[in-house]
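Each remark here refers to the structure printed beneath this line.
Residue numbers (the working numbering), protein chains in the order written: chain A, 1195 to 1603; chain B, 1195 to 1603.
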């Protein structure tokens, strides 16, 4: 299941970025499961990774290589992504396999091994089928291309339980020049990215200095991928990479920065939301807006507490305006000195809760009409400050249980 | 569904404590839904309540009345419990209704209104059907009795989505005297008590001074009801009451205290575990033992992170030895400076994880054999300290989704 229509955009090229996809048969035959992304010389590249302590071998190696590149004043030249196997919980062998993948690709393409960053997603704890993976690399390099087809194939090549490829693209005017931001992402379960089995790859032709690129990545991921949750489970493999090739306009003025940040945030948010629309078993796309908090962290705590409540999620699945469950979840959020009298909760345009209980004007009919929709916004105002946060989540359906009880992910 | 056999014990009387149950038709006709517990004069009574900020009206009033009794140097004389309606999220009307219930019972029994503590469980946000509730009180008083039948009827009279009544009883020797501890509990969803829609009532004939009774309640609840979780949702109505009538032996010496504390812990743990065995949709009873932590709080954080992981819970339902999901959940627990190399994870007698990855000797066959069992223990050693904690939880099944998508609880 998934919410809304699938629509992978027709993406323009990002000059200098080439993508190649192959069928390596990592888990299943005849599906795209190996992607190589080529980054031109002179680009800036920023990355952010899972905070899971058991982070996967490719995450360890990608971090190492990224640090080595930074030390040498260079950007990585290749990203190599396999699906079907997470190479996580694989110990020393896993590290060796991740390194060997980079070495082979480096050899084939004539770059240094630490110029290659590895990424994996899929089942945890199985050894990578190295023979098939390595044998697939030449075909992926052979397929390298810049256009819409290359982006779409790459979008498909990184999927696991996802039912659809996820892409977003914007064109921005920086003065009299136009820059493009393209992005692809994957993920539908084990999702509460905290920079999760979530991967995101975003590229732009804009020229952006390295430390600014890192700041932009952190800021925009914090308000997109880090604000989505399917099941509260942060994966061992999450990563999001941002590439700026520098072949297009430079982001230098404050005004250009504002335009670029805004455009990047749109791409990141669209990619993150696409993961929720395609969340395992999802029948609803739910936006949780918390306002009136004293700190953004407090707003996030309340939003995630509601987003993770199995009782709220099953009520959403049932289209049951069971506001008591929302109220109970808000009430158990880790917030001190909660004044429940000041809290209001709205479901779409319908006020559910005020003054510590059910809103006077509330009717079951009005609540049910909102709950019947596929896209639902729940607004929670804590009435104690000026900070807020928005989190996106899915419902908990029979299909979620089926997918995760049947699939060894 | 439920795990293991239902077995409500035949309880001896606790001298002075009488229980009466009636059918008031609060939500449905022809079921026991109203219970009155009479406490003799001279008893000590301790209570612990939900920490949900949106706590229910009866919780507010029970706290008030308990405080008023303490101030007057007296113990409450009656507990009145209805099921079918939580009287939560009901604002001022809810408070009035809870107070009116106490007043009517006080009137009928000739005690002061603040000598009566109210408890409610069931649907959140509906007004209490006061006419039916008040009309049921005389029948509940009429039915007051001390023996096994009275305890069992009360155990049945406090249930909501529970499929079985839950009771535990021990007899203890304090020197040459014998004391009894009887308890009943209810709860099967919205369960992560953090004193939840969990209620527990425990009574003993031992004589225990008030402040010691409060300490004993806090200590034993912390290692029983506060260590269970079904869905991480802390209810608005949780309460656990401990009554010591003082008609039997006095707990005075260190030795007697040790015997009594141990006995009380057994009753509390058995009642808490009974809630998990009867958890909504449960097909597994899972014990999470975390050791090697630097603090008990750290061990609890790891245990609850695993216990709340929908991916771990669906794998348990599927009897799938998907140890990667356990590893991923441990890795995202809120623990600083995690050394994954030192972590070991055992499933029953089978080592799953060591040295940051799958244990050398592990076989899928061995893991699957343990997962096929109805009762499963997962041991997680963090390898960084001497503290530990044990948490009990259930799996996430299709029935959990059905129960909570179909039932307005």
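Think of the CB as a built atom: it goes at the ideal place given N, C-alpha and C, for glycine as much as any other residue. Bear in mind the structure is a predicted one, so any value in this text is a computation, not a measurement.
- When DSSP states are grouped into helix, strand and coil, residue 1244 of chain A belongs to the coil group.
- Of the other Cβ atoms in all chains shown, fewer than 16 fall within 10 Å of the Cβ of residue 1528 of chain B; this residue is therefore exposed.
- Within its own chain, the residues whose Cβ lies closer than 7 Å to the Cβ of residue 1307 of chain B, once the five positions on either side in sequence are excluded, are 1296, 1297 and 1300, listed in chain order.
- For residue 1374 of chain A, the secondary structure class from DSSP, reduced to helix, strand or coil, is strand.
- By the 16-neighbour rule on beta-carbons within 10 angstroms, residue 1212 of chain B is buried.
- Within chain B, the residues placing a beta-carbon under 7 Å from that of residue 1591 of chain A are 1595, ordered along the chain.
- Neighbours of residue 1586 of chain B across chain A, judged by C-beta separation under 9 Å, do not exist; the nearest C-beta is about 17 Å away.
- Proximity of residue 1316 of chain B to chain A, defined by a Cβ-Cβ separation below 7 Å, is not satisfied.
- When only Cα atoms are considered, residue 1278 of chain B and residue 1581 of chain A end up about 38 Å apart.
- Listed along the chain, the chain B residues whose CB falls inside 8 Å of the CB of residue 1524 of chain A are 1247 and 1248.
- For residue 1285 of chain A, the nearest CB of chain B lies under 7 Å from its own CB, placing it at the interface with that chain.
- One thing to note: residue 1493 of chain A has its Cβ within 7 Å of the Cβ of residue 1487 of chain A.
- The beta-bridge partner set that DSSP reports for residue 1272 of chain B consists of B:1232 and B:1310.
- Per DSSP, residue 1508 of chain B has no beta bridge partner at all.
- Those residues of the stretch 1550-1563 of chain A placed with their C-beta closer than 7 Å to a C-beta in chain B are 1550, 1551 and 1552, ordered along the chain.
- Scanning its chain for C-beta atoms nearer than 7 Å, with the 5 sequence neighbours on each side dropped, one finds around residue 1253 of chain B the residues 1243, 1244, 1431 and 1433, in chain order.
- At a Cβ-Cβ threshold of 7 Å, residue 1331 of chain B and residue 1302 of chain B count as neighbours.
- Taken through DSSP and simplified to helix, strand or coil, residue 1402 of chain A comes out as coil.
- In the three-state reduction of the DSSP assignment, residue 1352 of chain B falls in the coil class, being assigned neither a helical nor a strand state.
- For residue 1565 of chain B, the enclosing alpha helix (DSSP H) starts and ends at 1558-1565.
- Pairwise C-beta distances place the stretch 1265-1275 of chain B in contact with the stretch 1233-1243 of chain B, as three or more of them are shorter than 8 Å.
- Around residue 1508 of chain A, the beta-carbon contacts reaching into chain B at under 7 Å are 1595, 1598 and 1599.
- In the structure shown, residue 1439 of chain A adopts coil according to DSSP, grouped into three states.
- Counting only the Cα atoms, residue 1539 of chain A lies some 39 Å from residue 1397 of chain A.
- Classified as buried, residue 1314 of chain A has 16 or more neighbouring CB atoms from the shown chains inside 10 Å of its CB.
- From the beta-carbon of residue 1319 of chain B, the residues of chain A found nearer than 8 Å are 1517, 1518, 1521, 1551 and 1552.
- Every alpha helix (DSSP H) stretch that sits fully inside the stretch 1451-1517 of chain A and reaches 4 residues is listed by chain position as 1490-1502 and 1504-1511.
- Around residue 1415 of chain B, the same chain offers 1242, 1389, 1434 and 1462 as residues with beta carbons nearer than 7 Å, after the five sequence neighbours per side are excluded.
- Exclusion of the five residues before and after residue 1573 of chain B leaves 1483 and 1540 as the residues of its chain whose Cβ lies within less than 6 Å of its Cβ.
- The stretch 1221-1234 of chain A and the stretch 1398-1411 of chain A do not touch, with fewer than three beta-carbon pairs separated by less than 8 Å.
- For residue 1220 of chain B, DSSP records no beta bridge to any residue.
- In terms of CA proximity to residue 1205 of chain B, B:1349 leads the group B:1317, B:1222, B:1349 and B:1273.
- Between the C-alpha atoms of residue 1444 of chain A and residue 1250 of chain A there is a straight-line separation of about 35 Å.
- Annotation: Cβ neighbours of residue 1547 of chain B in chain A (cutoff 8 Å, chain order): 1283.
- Spanning the alpha carbons of residue 1526 of chain B and residue 1318 of chain A requires a straight line of approximately 15 Å.
- Counting along the chain, the unbroken beta strand (DSSP E) around residue 1581 of chain B starts and ends at 1581-1588.
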